[in-house]
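Asks: One line per chain: the protein sequences are E and S, in this order.
All residue numbers for the first sequence refer to the working numbering, where the first residue is 93 and numbers rise by one.
All residue numbers for the second sequence refer to the working numbering, where the first residue is 133 and numbers rise by one.
For each residue, glycine too, the CB sits at the ideal point set by N, CA and C.
For clarity, every value in this text was computed on a predicted model and none was experimentally measured.
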Amino acid sequence: MPLLSLVIFSSFIVEYEVKVKHTVQLGKGSAYEYSIVSICITFALNSARMVSAILELLKKDLVSEFRFKISLNSIFLYVVATIFIVYLIFNQLEDLKSWVALYWIILVFASLNASMNSFRLESGRQFFYYYGLVKAAPLILSKLIFNSLLILVIAFLSFGLLSLLIGNPIENIALFLLILALGSIGLASILTLIAAIASKTSQNSSLTAILAFPILLPTLLISIKGSMLCGLGFGWEECQTYIYSLGLIYLIILALSLILFPYLWRS
Amino acid sequence: MRNWWKILAIILLVYTVVAGFLIEVPKQVILYESIRNLYFHVPMWFSMIFLFLLSVIYSIKNLSSGSIEEDNKAVELVNVGIIFGVLGTLTGSLWAKFTWGAWWTNDVKLNGSAITMLVYFAYIILRGSLEEEEKRARISAVYNIFAFVLLIVFIGILPRMTDSLHPGNGGNPGFNNYDLDNNMKMVFYPAVLAWILLGMWIYSLRLRMRRIKSKLIK
């Protein structure tokens, strides 16, 4: 949350600068307008507006997902069915490497399926309606939060199911869950921007996979290496590099999404 | 003399090939004469990264101005960059066969280059699936920037986390420690410049072809 507010803050500073420049160019600004107090007031108003817009969009997404349960249910069924197939093949899996590999493969494909259609309602005919209503920044942030929540739920669900059915060779579970959370948030944020790109094209579903896989690899490889270490029972000392690099990648993705999404939205 | 750099490119390329095969090189076990591949394999990657970087710069320009011309430049730079990437992979594969004993090894840098190729093939596919010109320019520019930044992160972070057979990684001595002696430097640096200039030359030709094509269609 503090991270989010920082990003929102910086984006508003930039926006305000642009506005000030604009008014100066038009020649209708007065000295009072640029005082620090007014900046603070504008910022407070804007961020309140931003947060409320994000919450509204999030609510809209949640309500529409729960009303038309098809997509949510299909994702969960996908996860359950895959894990059941894995169970039928392995019954009990002791080998750590195979376990981690299976887990992340299941998670990647499930999250790909989950986020593939995240801009379904914003493309096509409804696009113009939304375009008139919402700005780019709250929209991408709400989508990011929504997808992150969804993929987090999928990640923990599949972790529980896998542990239940084929056993759990992970030694340091708490740290594994931390890496899991960071990794799945990273996956979700990459997939969100890629889904936004792919929603602008005609072949949405196949293109999402092609575009996303090469870009997902850094996040994925770091998470897999980190979770291997946790599985072997190593602690914070050994895993912190992986956790920091996951955090760094996440920050980069967040900044890039905020910068780049407005251009997608405009087209 | 608008085209002085093309003449320079020819001179440097001739110099690279002639001097690269004739000048004395340090004798190293395992490497032997294959060390001369340094003048061809490494500059390919330098040129590729250079071309992709330029392409990203044009993509940023395209986003801020929205002109198709910048998009033409970006895509042609990517096309030429892919050629250099393929050449770098081929020369590297040949070198790996002679020194490491396999055409392809599970090495970080090799995987990084494979992923780079995948990203830019995806870029080309993305462009193919969009028909409207301005939309294509903008959306592919967004993908280009996003992919390039994450690629740099990947290439920057990952090799530091694992071992590599390449010089300078995983306890192997780097070329610039003592292997790259003055004789080799005298060929290596001009070679890098020569291949980059050649890349720019191919790019400028392709760009002109693209302009003529689009004029003819109109």
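Take the Cβ of I155(S) as the centre, count every other Cβ of all protein chains shown within 10 Å, and call the residue buried at 16 or more, exposed below.
Replies: Counting from 1 along the second sequence, the entry for residue 155(S) is found at position 23. Label assigned to I155(S): exposed.
Asks: So, helix, strand or coil for K267(S), using DSSP?
Replies: Taking the second sequence and counting its residues from 1, one reaches residue 267(S) at position 135. K267(S) falls in the helix class under three-state DSSP.
Asks: Taking only beta-carbon atoms, is P354(E) less than 7 Å away from chain S?
Replies: In the first sequence, counting from the first residue as 1, residue 354(E) sits at position 262. It does not: the Cβ of P354(E) has no partner Cβ on chain S nearer than 7 Å.
Asks: What does I341(E) touch in chain S if you count any residue whose Cβ is under 7 Å from its own?
Replies: Taking the first residue of the first sequence as position 1, residue 341(E) is located at position 249. Near I341(E) (Cβ distances below 7 Å), the residues of chain S are V285.
Asks: Which parts of the segment 188-226 of chain S are runs of the alpha helix (DSSP H), unbroken and 4 residues or longer, counting only runs that do not cross its ends?
Replies: DSSP runs (the alpha helix (DSSP H)) wholly in the segment 188-226 of chain S: none.
Asks: Determine the contact status of L244(E) and S349(E), defining contact as a CB-CB distance below 7 Å.
Replies: By one-based count along the first sequence, residue 244(E) stands at place 152. By one-based count along the first sequence, residue 349(E) stands at place 257. No.
Asks: Name the two residues that bound the continuous alpha helix (DSSP H) containing W196(E).
Replies: As a first step, residue 196(E) is located in the first sequence; it is residue number 104 there, counting from the start. Taken as a continuous stretch (DSSP letters only), the alpha helix (DSSP H) holding W196(E) covers 188-208.
Asks: Less than 8 Å between the CB atoms is what I'm expecting for T148(S) and V281(S), so what's the real figure, rounded?
Replies: What you label residue 148(S) is simply residue 16 of the second sequence in a count that begins at 1. What you label residue 281(S) is simply residue 149 of the second sequence in a count that begins at 1. Rounded, the Cβ-Cβ distance is 32 Å, inconsistent with contact.
Asks: Along the segment 188-219 of chain S, where does the CB come closer than 7 Å to a CB of chain E? Name the residues.
Replies: Those residues of the segment 188-219 of chain S that come within reach of chain E (Cβ to Cβ, closer than 7 Å) are L195.
Asks: Count the other CB atoms within 10 Å of the CB of W357(E); is the residue buried (16 or more) or exposed (fewer)?
Replies: As a working note, residue 357(E) is residue 265 in the first sequence. W357(E) comes out buried.
Asks: Report yes if the C-beta distance between T293(E) and S261(S) is below 7 Å; otherwise report no.
Replies: Walking along the first sequence from the start, residue 293(E) turns up at place 201. Walking along the second sequence from the start, residue 261(S) turns up at place 129. The answer is yes: Cβ separation under 7 Å.
Asks: Could you tell me if D153(E) is buried or exposed, where buried requires 16 or more neighbouring beta carbons within 10 angstroms of its beta carbon?
Replies: Indexing the first sequence from 1 puts residue 153(E) at position 61. Looking at its Cβ environment, which holds 16 or more other Cβ atoms inside 10 Å, D153(E) is buried.
Asks: At which residues does the alpha helix (DSSP H) containing I143(S) begin and terminate?
Replies: Within the second sequence, numbered from 1, the residue matching residue 143(S) stands at position 11. First-last of the alpha helix (DSSP H) with I143(S): 136-154.
Asks: Measure the CB-CB distance between E144(S) and P322(S) and report whether it falls below 7 Å.
Replies: Position 12 of the second sequence, counted from the first residue, corresponds to residue 144(S). Position 190 of the second sequence, counted from the first residue, corresponds to residue 322(S). The question names Glu, but residue 144(S) is Leu in the sequence shown. Contact flag set, yes.
Asks: Measuring CA to CA, which of A247(E), R212(E), I146(E), K227(E) is closest to Y195(E)?
Replies: For this step, residue 195(E) is matched to residue 103 along the first sequence. The shortest C-alpha separation from Y195(E) is found at A247(E).
Asks: Hey, does I307(E) have any beta-carbon neighbour from chain S nearer than 7 Å?
Replies: Residue 307(E) sits at position 215 when you count from the first residue of the first sequence. For I307(E), the answer is yes, since a Cβ of chain S falls inside 7 Å of its Cβ.
Asks: Between which residues of its own chain and L37(E) is the CB-CB distance below 8 Å, once the five residues before and five after are set aside?
Replies: Within the shown structure, residues of chain E are numbered from 93 to 359, placing residue 37(E) beyond reach of any answer.
Asks: Near T248(S), which residues of its chain fall below 7 Å by C-beta distance, leaving aside the five closest residues on each side in sequence?
Replies: Working through the second sequence from its first residue, we reach residue 248(S) at position 116. Hits under 7 Å: G217, L283.
Asks: Is there a Cβ from chain S that is less than 7 Å from the Cβ of K227(E)?
Replies: Counted from its first residue, the first sequence places residue 227(E) at position 135. No, K227(E) lies away from the interface with chain S (no Cβ there is under 7 Å from its Cβ).
Asks: Could you have a look at F172(S) and say whether DSSP puts it in helix, strand or coil?
Replies: Within the second sequence, the letter at position 40 stands for residue 172(S). Note: F172(S) maps to helix in three-state DSSP.
Asks: Can you tell me the Cα-Cα spacing of M133(S) and M180(S), whole angstroms?
Replies: Working through the second sequence from its first residue, we reach residue 133(S) at position 1. Working through the second sequence from its first residue, we reach residue 180(S) at position 48. Using only the alpha carbons, I get a separation of about 27 Å.
Asks: Hey, quick one: how far does the alpha helix (DSSP H) through K152(E) stretch, first residue to last?
Replies: Mapped onto the first sequence, residue 152(E) falls at position 60. Here the alpha helix (DSSP H) through K152(E) covers 128-159.
Asks: Go ahead and pull the three-state DSSP assignment for N238(S).
Replies: Sequence index remark: in the second sequence, residue 238(S) carries index 106 (1-based). The answer is coil: DSSP assigns N238(S) none of H, G, I, E or B.
Asks: Step through the CB atoms of chain S and report whether any lies within less than 7 Å of the CB of Q295(E).
Replies: Within the first sequence, the letter at position 203 stands for residue 295(E). Yes, contact with chain S.
Asks: On a Cα-Cα basis, can you pick out the residue from A228(S), R259(S), W327(S) that is closest to I162(S)?
Replies: Counting from one through the second sequence, the residue named residue 162(S) turns up at place 30. Comparing Cα positions, the closest option is A228(S).
Asks: If you measure from the beta carbon of I133(E) to each beta carbon in chain S, is any gap under 7 Å?
Replies: Walking along the first sequence from the start, residue 133(E) turns up at place 41. For I133(E), the answer is no, since every Cβ of chain S falls outside 7 Å of its Cβ.
Asks: Tell me, please, whether the segment 188-195 of chain S touches the segment 337-350 of chain S by the rule of three or more beta-carbon pairs shorter than 8 Å.
Replies: Verdict: no, contact absent.
Asks: Which residues, taken in chain order from the segment 243-267 of chain S, show a beta carbon closer than 7 Å to some beta carbon of chain E?
Replies: So the close ones are I247, L250, V251, A254, I257, L258, S261, L262, K267.
Asks: Is I271(S) close to chain E, meaning its C-beta is less than 7 Å from at least one C-beta of that chain?
Replies: Indexing the second sequence from 1 puts residue 271(S) at position 139. It does: the Cβ of I271(S) has a partner Cβ on chain E nearer than 7 Å.
Asks: Which bits of chain S does K292(E) rub up against, with CB to CB less than 8 Å?
Replies: Here residue 292(E) refers to the residue found at position 200 when the first sequence is read from its first residue. Neighbours of K292(E) on chain S, chain order: L262, K267, I271.
Asks: Contact check, I258(E) vs L185(E) under 8 Å by CB: the rounded distance?
Replies: Locating residue 258(E) in the first sequence gives position 166, counting from the first residue. Locating residue 185(E) in the first sequence gives position 93, counting from the first residue. Between L185(E) and I258(E) the Cβ distance is about 4 Å, and since that is below 8 Å, they are a contact.
Asks: Assuming Y255(S) contacts V210(S) under a Cβ cut-off of 8 Å, what Cβ separation, rounded to an integer in Å, is found between them?
Replies: For the purposes of this step, residue 255(S) is taken as the residue at position 123 of the second sequence. For the purposes of this step, residue 210(S) is taken as the residue at position 78 of the second sequence. Confirmed, Cβ separation roughly 6 Å.
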